[in-house]
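K.L.:
The structure under discussion is supplied below as structure tokens; questions concerning it will follow.
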Amino acid sequence: MFDYTEKIREIARRLLQEKKVDGIIGFKKGTIPMMNQPVFITSPDRVELLHWDSWCGVNLANYLPKREGRIGIVAKGCDTRSIVVLSQENQVQRDQLYIIGVPCRGMLDRRKVWEVVGSTDVKGIEEGNGKVRVWGNGFDLKLERSELLQNNCVICVHRNPVVFDELVADEVEEQSVDRYGDIRNIEAMSSDEKWNLFQEIFSRCIRCYACRNACPFCYCPQCFVDESRPQWVGKTIDRTDTLTFHLLRAFHMAGRCTDCGACERACPVGIPVRLLTKKLEKDVKELYGYEAGVQLDERPPLDTYKPDDPEDFIK
Amino acid sequence: MKRLVLTKDELTAWVRRMTEGVRVFAPVAVGDYDEFRLVDSDQADLIRWSYQNTRLSPKGLFHPQAERMFKFSTSKEDPEWNILKEVPKDFSPRVIVGMRPCDAAALKIMDVNFDTPEYKDPWWVRRREATTIVGLACTSPSSTCFCTSVNSGPFDTKGLDVLLVPLGDGRFLLDVVSERGEELCQQFGPGGKEADSEAIATYEGLKKKAEAALVPIGDLSPLKERDMLEFFNSPIWDEVQFACINCGVCTYLCPTCWCFDIQDEVYESEGCRLRLWDSCMFPLFTLHGSGHNPRAEKLQRVRQRFMHKLKYYVDKYGQGVACVGCGRCVQFCPVNIDIREVIRLMLVQCECAV
Amino acid sequence: MAEWEPKILAFLCNWCSYGAADLAGVSRLKQPPNIRIIRIPCSGRMNPKFILQALRKGADGVWVSGCHPGDCHYIEGNYYARRKFALFKNLLEYVGIEPERLHFSWISSAEATKFAAVAKDVVESVKKVGPSSRLIKREAEVE
Amino acid sequence: MNNPYRPYPVVIDDIIVETDDKNLRTYHLKFLNPEDERAFQFLPGQFAEISVPGQGEIPIGIASSPTEKGFLKFTINKVGKVTTYLHNARPGEVIGVRGPLGKPYPWDKLEGSNVVIIGGGFAFTTLRSSLVYMLHPDNRSLFGDITVVYGARNPGLLLYKDELFEWEKRDDVTLHITVDATDDPNWKYNVGFVPAITKEKAPSSENAYAIVCGPPIMIKFTLPVLTDLGFPPDRIITSLEMRMKCGIGMCGRCNIGTEYVCKDGPVFTFEQLSRLPNEY
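Residue numbers (the numbering used here), protein chains in the order written: chain F, 42 to 356; chain S, 2 to 355; chain X, 70 to 212; chain R, -19 to 260.
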């Protein structure tokens, strides 16, 4: 299933040889198990570096804004949706891109592996037939692939690229799932319960901004956290500051987030930051019937309106 | 100095006795990872004696992520209006139990920055003076560790006062390695018995085995020998920097990254001057008031981080690299930028230059 | 001890609700004294940061008011604002900010009576949940 | 333990608007405690962190000379949060000063030499300090010829105008005042960019050091002029600016390669800079 690597290399080689693109953004095999590194390949003799497996959770669309020239990019379903959003926001030009679409069965989450094996020191991992074999000091286990999916992949409804120039394989079957079960559970809580829950969740935040920087949509020249006149949010790890940061960050994702999971994946302390972005995603869908990054010619939901938008909360 | 052998119960009892006299910090599980926390006598048996690395390094015990430096009144009616006063803090004696040798070696690296002939950082120096460190040897280093390549090792005692070595049979060898460690053992008798030659042989064997398990990166002396500008102007940085997203994971998890910011906050009529961790990965770190930024580009910031650790520090202080090989950045960089690879690239470039 | 009185920050559109507040005053309509007003050029100028900043600085409630849909001085500013408000209000409630603290209204410059009535309503609503304790920026609980 | 982060409390004694655009003001600060003033021993070229509680700290070159007693003088451009606050402050307000910080100009070498001072715009602050210091009757005989080229975009932007015009009249210092342009028909000094005027006046490099402070573009074009005049790089001295926080070489942001501008600088010779990364 994940024999996409050869196909990706083949396409990349062809594109570079025919000078259709100036460079290809893809992955190279990581230096440690369960990690791969984004890479920019500009010469056909370097395409052998390109690699694909279940650990390509980084959203490569993050490397597109402000990049000059014609770019080839290897993109999963969620990545292509991000490209659509970036294109709506004039951060990329579709005709400058060659999208090598990857139908995706979901990326895996190393935190789930660590949890099962009881260690963060995994020496090796391999995959086949829906199973994952993982080994290290004192363990060698065979796990179900489906149990190890990133949380966002479990509920993904756009596994196939929504825009592409070429696919590396046949499309995969889309799933039909309830995306918002956890959000509804929180919505049903009392204010106190909600408050306590989120205080706890964000208490571990170390303000490293990995969530922000892993996101393709955080491209502002100056982030609100760096504004000093006035200062909107303190820079400490005080809970008020941390929550303020996460609220504003999440709100900036309203109607844009494609739930690629890059933020949550990047967090070094395991904060489920998608709980905020998914709430906004749910509201945008329910209130305005909009799903981010699906149609190139749509306007983002906060850049448009309908005269009869819901307003029962307004006196 | 003396070497003892303690059973796990004796060790726990020793730590418990310490908690009754001084503040004790030790690694405990917090959620799905380990963290150094203040432990009381009831928590002594929660200490994780077999943890790999704490997610965040224990540097925060000496250089907290956020620390109040001064307080002041902003009310013009106050006779002490705008006069900064140091925030009172607890600098009473404390013991950190279970610190890994790499993290302790990192403190030595940071001493050079905070405790200088010209200036002494008062918070750092007082915390260092107040602290005795009981280390925990790494008998099974992680695959991301490379301490032996960077002047440290799984049994390195240079930042420690006492080294504990899990002997594999439930017992621990206690090796007193400094005066301070001696004093600790006098104040709180560890119990146990004198280590016999068999225990010492086990200890030596474990040490050799652990050291052998670590993959060497190579001879780092070219980092010292070659000129700073050769590294600085090298083409390798373009490749190294591509994947970087300029987050602060590497710097915040690193046990030797000390950079900080100073910020003032005002709460109605009083205010506080705070010191906060900062990161050379953030563009704001070097942004001038004029708008000019000497490290405006990602490449410059990535290069700064590695050059600082692997070249500037080496040249400035002559004490080797500012990295202890704990592997946290290797493990947690969201885009797999691996400092071991960067070192290799820098070394390879040197070989080519020859 | 005197009864606790909430502090409420109102962001009022220059072209309508601000005028209504003025008219309510000139008309000597009875209204609660708890409201501090910031005049904004249009409800579309409202940035969620302003609401957060108000809460961080200790406002017990926040009230944003603009022109009725279709009456925006800038044609459509309030239509855009409406979407932002809906999403942001929901988000704040979702993390545990009491819904009673956030209020939105459309009040034209002629609706002085409505202004006074909504002001009363807002104050009563905030009073129900008591002094704000969430999201207030205080001295950091750090070393 | 002495806490190097604790500022000395000072009171703003006087505020002078220096330039026509009102963006530069000079502050006279007086120590609240006499022992603090005694502790604050500095030489021209050093800087201090001006500390406004609640706003933050800013590194500013000391514009007064150690020969001027009873106050410190800083000229501050309105740029960010702290400086804007200061521009709205009034005499009588209590703030703080932390320092002196950094290395001064190399006075041990400058003594016995001819000194050429080249300044542009509002970078004249520590140069003023140096000039006042050298011209002091106790010190003047320690130095050879003193030549100054100082320019601004227009007459209204020159700093310390009263002093400048006084110095211009003296015979123990050669002062060339210049502006990029002026429509003042009574302007009796030079018109032209600093590098051009330096070239025209051609101060001798014999037994001389040049201290150059100004905007990067001025420095860029002045360096070749000085080189042509025979100044070697180790005799051309400059003072660098950087974003700073601690001012004592600990917070890590102001480095150029191995050197912290706050502690190892801000004064460098071009010979030193040539061996450092070009990242400033």
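Glycine residues also receive a C-beta, built at the ideal position from the N, C-alpha and C atoms.
Look at residue 167 of chain S and residue 51 of chain S and say whether their C-beta atoms are less than 9 Å apart.
P.N.:
yes
K.L.:
Just the C-alpha distance for residue 89 of chain R and residue 293 of chain F, rounded to the nearest angstrom, thanks.
P.N.:
57 Å
K.L.:
Give me, in chain order, the residues of the same chain whose beta-carbon lies closer than 7 Å to that of residue 65 of chain S; leave out the 5 immediate sequence neighbours on both sides.
P.N.:
none
K.L.:
Mind checking if residue -14 of chain R is an interface residue toward chain S, Cβ cutoff 9 Å exclusive?
P.N.:
yes
K.L.:
Just grab the DSSP bridge partners of residue 83 of chain R for me.
P.N.:
DSSP lists no partner for residue 83 of chain R.
K.L.:
Under 9 Å between C-beta atoms, does residue 60 of chain S make it to chain X?
P.N.:
no
K.L.:
Residues of chain S with CB closer than 9 Å to the CB of residue 206 of chain X, please, in chain order.
P.N.:
266, 268
K.L.:
Closer than 8 Å by C-beta to residue 355 of chain S: which residues in its own chain qualify, once you throw out the five before and the five after it? Chain order, please.
P.N.:
With a pLDDT of 43 at residue 355 of chain S, under the threshold of 50, the modelled position of this residue cannot be trusted; read the value that follows with caution. Excluding positions up to five away in sequence, the list is empty.
K.L.:
Using the Cα positions of residue 149 of chain R and residue 169 of chain R, report the straight-line distance between them to the nearest angstrom.
P.N.:
12 Å
K.L.:
For residue 228 of chain R, which of S/249, S/254, S/263, S/246 has the nearest alpha-carbon?
P.N.:
S/263
K.L.:
Along the chain, where does the beta strand (DSSP E) that runs through residue 293 of chain F open and close?
P.N.:
Premise fails: residue 293 of chain F is in no beta strand (DSSP E) and is neither H nor E.
K.L.:
Please list the partners that residue 212 of chain X has in chain S, where partner means a Cβ-to-Cβ separation under 8 Å.
P.N.:
65, 67, 68, 69, 90
K.L.:
Runs of 3 residues minimum, wholly inside the stretch 194 to 279 of chain S: which ones carry the beta strand (DSSP E) assignment?
P.N.:
261 to 268, 271 to 278
K.L.:
Starting from the beta carbon of residue 1 of chain S, find every residue of chain X whose beta carbon is closer than 7 Å, and list them in chain order.
P.N.:
Because chain S in this structure spans residues 2 to 355, residue 1 of chain S falls outside the shown range and cannot be described.
K.L.:
Does the CB of residue 355 of chain S have a neighbour CB from chain X at under 9 Å?
P.N.:
In this prediction, residue 355 of chain S has a pLDDT of 43, which is less than 50 and means its spatial position is unreliable; what the coordinates show is noted afterwards. Closer than 9 Å: no.
K.L.:
If you compare alpha carbons, which of S/150, S/164, S/194 is closest to residue 5 of chain S?
P.N.:
Per the Cα distances, S/194.
K.L.:
Quick one: is residue 120 of chain S near chain B, going by C-beta distance under 9 Å?
P.N.:
Chain labels in this structure do not include chain B; the protein chains are F, S, X and R.
K.L.:
Of all the CB atoms in chain F, is at least one closer than 9 Å to the CB of residue 332 of chain S?
P.N.:
yes
K.L.:
I'd like to know whether the C-beta of residue -17 of chain R is nearer than 9 Å to at least one C-beta of chain S.
P.N.:
Taking Cβ atoms only, chain S reaches closer than 9 Å to residue -17 of chain R, which makes this a yes.
K.L.:
Output, in chain order, the set of chain S residues within a Cβ distance shorter than 7 Å of residue 35 of chain R.
P.N.:
265
K.L.:
Hey, could you find the ends of the alpha helix (DSSP H) residue 314 of chain S is sitting in?
P.N.:
314 to 318
K.L.:
For residue 283 of chain S, count neighbouring Cβ atoms within 10 angstroms of its own Cβ and tell me buried if that reaches 16, exposed if not.
P.N.:
buried
K.L.:
Along the chain, where does the alpha helix (DSSP H) that runs through residue 307 of chain F open and close?
P.N.:
Residue 307 of chain F -> alpha helix (DSSP H) spans 303 to 307.
K.L.:
Mind checking which residues open and close the beta strand (DSSP E) that includes residue 69 of chain F?
P.N.:
64 to 70
K.L.:
By the 10 Å Cβ neighbour count, where 16 or more other Cβ atoms means buried, how is residue 45 of chain F classified, buried or exposed?
P.N.:
buried
K.L.:
Residues bridged to residue 168 of chain F by DSSP?
P.N.:
F/173
K.L.:
Output the boundary residues of the alpha helix (DSSP H) element that contains residue 132 of chain F.
P.N.:
No alpha helix (DSSP H) contains residue 132 of chain F, which DSSP labels as neither H nor E.
K.L.:
Less than 9 Å separating the beta-carbons of residue 238 of chain F and residue 295 of chain F?
P.N.:
no
K.L.:
Using the Cβ count rule (16 or more neighbours within 10 Å means buried), how would you classify residue 84 of chain R?
P.N.:
buried
K.L.:
Relative to the C-alpha of residue 331 of chain F, which candidate in F/313, F/317, F/350, F/316 has its C-alpha closest?
P.N.:
For the residues F/313, F/317, F/350, F/316, the minimum Cα distance to residue 331 of chain F belongs to F/350.
K.L.:
What I want to know is whether the C-beta of residue 142 of chain X ends up closer than 8 Å to one or more non-hydrogen atoms of the ligand MN.
P.N.:
Looking for the ligand MN in the displayed structure turns up nothing, as the structure carries no ligands at all.
K.L.:
Under 8 Å Cβ to Cβ from residue 245 of chain F, same chain only, skipping five residues before and after it: list those, please.
P.N.:
310, 311, 312
K.L.:
Assuming residue 150 of chain X and residue 178 of chain X are in contact, meaning their beta carbons sit under 8 Å apart, how far apart are those beta carbons, in whole angstroms?
P.N.:
With a Cβ gap of about 17 Å, residue 150 of chain X and residue 178 of chain X do not count as contacting.
K.L.:
For residue 45 of chain S and residue 93 of chain S, which I take to be in contact (beta-carbon distance under 8 Å), what is that distance rounded to the nearest angstrom?
P.N.:
The Cβ separation is near 19 Å, so there is no contact.
K.L.:
Just the C-alpha distance for residue 156 of chain X and residue 325 of chain F, rounded to the nearest angstrom, thanks.
P.N.:
It is roughly 7 Å from the alpha-carbon of residue 156 of chain X to the alpha-carbon of residue 325 of chain F.
K.L.:
Helix, strand or coil, according to DSSP, for residue 287 of chain S in the structure here?
P.N.:
For residue 287 of chain S, the three-state secondary structure derived from DSSP is helix.
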